[in-house]
Amino acid sequence: AGSTVIHLAAYGNHYHQKESSLIIQSNITTLWNLLEAFVRSKAIKFYNISTSSVTLPVQTLYSASKLFGEALANSYEDDRIVNVRPYSVYGPGEAAHRFIPTIIRCLKTGEQMSIDCDAVHDWIYVDDFVQAMFNGHTDIGSGMQVTNLGIVNALELISGKKLSYVQIKLRNYDCDKWVCHIGVPGRKLFDGLKQTYEHLT
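For the sequence shown, the working numbering assigns the number -12 to the initial residue and increments by one for each residue that follows.
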């Protein structure tokens, strides 16, 4: 009673998660089971964490399943159920194989990595994302679009090291505009990257 449910579980958003059946099971079936249990409970809030990928012009099975999940949540017509679309959340605790932790590791070790320098994201620090969600925001990003090369340049400045990398092409679902329409309050990207760098090193 009086509890809040935050549904963060998902499958298909990491490059190695490619099993179609698990995408459907995790992002739709499991969500439905949780929603059914929630509406029978006395819990006060259900946050369904979706993805900003649902706004892209080219959909993947993962993003399409998350968009279906949003529609599923809305179908209950229950004001306690809220869909939240995070943009690119980063910071301490992020999976080691993700973009920013990989850059930091390669800066530290001298490894070479592959980068699409021109791909863009709207980065939001994890603490700022959580605060914005509890403050009632549903589309959560900084409102500032940054290229991957911009992230590399900032982390090179923070670390005092140069990254060894080779450039690759865009993923088929990337586009040249991927940014939250209205940014939420939060720390500057450079400050968040510095905190992340210090945490990981």
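Just so you know, even glycine gets a beta-carbon here, dropped at the ideal spot from N, CA and C.
For my contact list, TRP110 and VAL133 are in at a C-beta cut-off of 8 Å; report their separation, rounded to the angstrom.
For the purposes of this step, residue 110 is taken as the residue at position 123 of the sequence shown. For the purposes of this step, residue 133 is taken as the residue at position 146 of the sequence shown. With a Cβ gap of about 6 Å, TRP110 and VAL133 count as contacting.
Could you check whether the stretch 13 to 21 touches the stretch -10 to 1, counting it as contact only if at least three pairs of C-beta atoms, one from each stretch, sit closer than 8 Å?
yes
Anyone know if the C-beta pair for TYR74 and GLY128 falls short of 8 Å?
By 1-based counting over the sequence shown, the position of residue 74 is 87. By 1-based counting over the sequence shown, the position of residue 128 is 141. In contact: TYR74 and GLY128 (Cβ atoms closer than 8 Å).
Boundaries of the beta strand (DSSP E) in which MET100 is found, first to last residue
Residue numbering aside, residue 100 sits at position 113 when the sequence shown is read from its first letter. Start and end: 99 to 102.
Please give me, in chain order, every unbroken run of the beta strand (DSSP E) with length at least 3 that falls completely inside the stretch 72 to 96.
75 to 77
Am I right that ILE36 and SER(-10) are in contact with their C-beta atoms under 8 Å? What's the rounded C-beta distance?
As a first step, residue 36 is located in the sequence shown; it is residue number 49 there, counting from the start. As a first step, residue -10 is located in the sequence shown; it is residue number 3 there, counting from the start. Between ILE36 and SER(-10), the beta carbon gap of about 17 Å keeps them out of contact (Cβ cut-off 8 Å).
Can you tell me the Cβ-Cβ gap for TRP79 and VAL113, rounded? I've got them flagged as a contact below 8 Å.
One-based indexing of the sequence shown puts residue 79 at position 92. One-based indexing of the sequence shown puts residue 113 at position 126. At residue 79 the sequence reads Pro, which differs from the Trp that was named. Contact holds; Cβ gap of about 7 Å.
Nearest to ASP178 (by Cα), restricted to the options TYR77, CYS93 and HIS108
The residue you call residue 178 lines up with position 191 of the sequence shown. The shortest C-alpha to C-alpha distance from ASP178 to any of TYR77, CYS93 and HIS108 is the one to TYR77.
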